[in-house]
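Protein chains in written order, with my numbering: chain V, 9 to 142; chain F, 9 to 142; chain L, 9 to 142. Idealized CB from N, CA, C, for every residue including glycine. Remember, predicted model here, so these are calculated numbers, not experimental data. Read through the structure below, which is laid out as structure tokens, and then see the notes.
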Amino acid sequence: MAPAPARCSRRPAIRSSYSIVPDDVGLVRARLEELLALPVEVVITNGGTGLARRDTTFEAIVALLDKRLDGFGELFRMLSYEQVGAAAMLSRATAGVARGKILVSLPGSTAAVELALEKLLLPALGHMVHLVRA
Amino acid sequence: MAPAPARCSRRPAIRSSYSIVPDDVGLVRARLEELLALPVEVVITNGGTGLARRDTTFEAIVALLDKRLDGFGELFRMLSYEQVGAAAMLSRATAGVARGKILVSLPGSTAAVELALEKLLLPALGHMVHLVRA
Amino acid sequence: MAPAPARCSRRPAIRSSYSIVPDDVGLVRARLEELLALPVEVVITNGGTGLARRDTTFEAIVALLDKRLDGFGELFRMLSYEQVGAAAMLSRATAGVARGKILVSLPGSTAAVELALEKLLLPALGHMVHLVRA
Chain V
9 MAPAPARCSR RPAIRSSYSI VPDDVGLVRA RLEELLALPV EVVITNGGTG
59 LARRDTTFEA IVALLDKRLD GFGELFRMLS YEQVGAAAML SRATAGVARG
109 KILVSLPGST AAVELALEKL LLPALGHMVH LVRA
Chain F
9 MAPAPARCSR RPAIRSSYSI VPDDVGLVRA RLEELLALPV EVVITNGGTG
59 LARRDTTFEA IVALLDKRLD GFGELFRMLS YEQVGAAAML SRATAGVARG
109 KILVSLPGST AAVELALEKL LLPALGHMVH LVRA
Chain L
9 MAPAPARCSR RPAIRSSYSI VPDDVGLVRA RLEELLALPV EVVITNGGTG
59 LARRDTTFEA IVALLDKRLD GFGELFRMLS YEQVGAAAML SRATAGVARG
109 KILVSLPGST AAVELALEKL LLPALGHMVH LVRA
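Quick look at the structure:
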């Protein structure tokens with residue numbers, strides 16, 4: 009997974025942990041399970057959402073989700089289509105609830121991460137955390 | 009599940025049954041199975057589509073669907089994004105075919121129900137029923 | 009499945025095989041497995057994506073996909089909504105990776121095939137094949 013921008017820090021949030029994991033579905037999943045066991049409210053991954061053989065973050069994430077939030081990936085790709093056209097369909101960005109935490113998988117490209125944060129996550133993450141906690 | 013508006017009544021349709029069920033995946037599913045066994049063509053649920061722990065209608069519905077119609081939830085959220093922005097992704101509205109009937113799960117909010125009915129269901133439900141019957 | 013237009017031929021591509029299969033999930037799947045075993049890079053189906061009982065291509069495709077590319081169906085229906093409105097949700101067009109090949113399921117209507125090819129597949133298929141090969 010590619011390095012993640014720290015743009016979330018513009019909102020009041022504390023980054024508890026950050027790590028880079030090789031493109032291996034078992035390693036990605038194991039690291040996600042460790043992160044989901046921490047006292048955090050949101051876990052965001054960056055990269056590994058494409059179609060290549062090494063892109064297995066989607067599979068690791070989906071296996072962990074108790075509730076899939078299809079709307080995140082859908083609206084991300086809808087907005088991304090305006091920016092990059094047909095290539096938007098190649099991103100398997102996804103989100104949902106895993107072990108009572110929000111789990112979000114973003115593509116590796118900086119432009120995609122900015123789009124997802126600005127248009128979808130920063131406006132909604134606070135409410136999402138509130139819903140999941142309730 | 010929240011009370012459902014009776015806006016379908018503007019089109020020629022007969023409401024066979026209506027009930028309010030507690031937020032429990034087993035109770036929702038059991039009631040849906042009863043409704044799907046009635047001589048009806050469409051079953052519409054209202055509410056329970058969100059991310060909170062008590063929102064389990066999506067899980068109950070998906071377990072019953074023989075054919076998932078992902079396009080309904082997708083287009084609903086696309087249209088909803090124009091109205092409410094990022095919060096549109098929080099709705100797990102869905103639809104499909106279960107036991108030869110159309111099964112639709114709408115969010116609880118009145119604005120969301122109006123949007124789904126006006127833009128998607130009222131224009132298409134007649135054709136959907138025809139397709140499933142054929 | 010309805011006859012497929014040969015519009016892909018405008019781009020440098022060689023059509024290796026073409027066949028018409030009855031609307032039977034077992035026959036569709038068996039033919040897809042034969043096609044996926046050929047030295048081809050892309051397999052495209054045409055038709056059988058609707059809601060009727062005989063429309064089982066979606067089920068045959070999904071059972072074969074190693075990686076689902078939800079964005080293809082999503083963006084296709086988003087673009088289709090601009091053309092045909094609510095009826096866009098009735099198409100279960102889908103795509104993904106199966107046995108290292110790109111597998112795409114298009115609706116039967118010529119207008120839908122043209123839309124999918126012009127707006128999504130012709131701009132992106134080359135890159136998709138490259139990604140899957142890598």
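With a threshold of 16 other beta carbon atoms within 10 Å, Gly34(F) falls short and is exposed. Only residues of its own chain outside the window of five on either side were considered, and among them Leu98 have a CB closer than 7 Å to the CB of Leu59(L), listed in chain order. Apart from the 5 residues on each side of it in sequence, Thr64(V) sits with its Cβ closer than 8 Å to the Cβ of Asp31, Asp32, Val33, Val36 and Gly56 in its chain, given in chain order. In this structure, Phe66(F) sits away from Ala103(F), with a CB-CB distance that is not shorter than 8 Å. If you look at Ile110(L), you'll find it in the beta strand (DSSP E) that goes Lys109 to Leu114. In terms of beta-carbon proximity, Tyr26(F) stays away from the interface with chain V, with every pair separated by 8 Å or more. Looking at the backbone, the Cα of Tyr89(L) and that of Val105(F) are separated by about 21 Å. Excluding its 5 nearest sequence neighbours in each direction, Arg39(L) has C-beta neighbours in its own chain below 8 Å: Ser27 and Val29, listed in chain order. Separation of Leu139(L) and Ser113(V) (C-alpha to C-alpha, rounded to the nearest whole angstrom) is 19 Å. When the Cα atoms are used, Asn54(V) and Ser25(F) turn out to be separated by approximately 47 Å.
Residue contact with chain L for Glu49(F): absent (no Cβ-Cβ distance below 8 Å to any residue of chain L). Within chain V, the residues placing a beta-carbon under 9 Å from that of Asp78(L) are Asp78, Gly81, Glu82, Arg85, Met97, Arg100 and Thr102, ordered along the chain. For Met86(L), the closest of Leu72(L), Asp74(L) and Ala101(L) by C-alpha to C-alpha distance is Ala101(L). Under the Cβ distance rule, Pro131(F) counts among the residues neighbouring chain L, one pair being separated by less than 8 Å. Taking C-beta atoms under 8 Å as the contact rule, Val70(L) and Lys109(L) fail to qualify, at a distance of about 15 Å. Remark: C-beta atoms of Leu46(L) and Arg107(L) do not approach each other more closely than 8 Å.
Judged by beta-carbon spacing, Leu111(F) lies within the 8 Å limit of Leu73(F), meaning their Cβ atoms are closer than that value.
For Gly56(V), there are no C-beta contacts with chain L under 9 Å, since the nearest C-beta of that chain is about 12 Å from it. Under the 8 Å criterion on CB atoms, Ala94(V) is classed as interfacial with respect to chain L.
Using beta-carbon distances, Ala60(F) counts as an interface residue toward chain V, with a partner under 8 Å.
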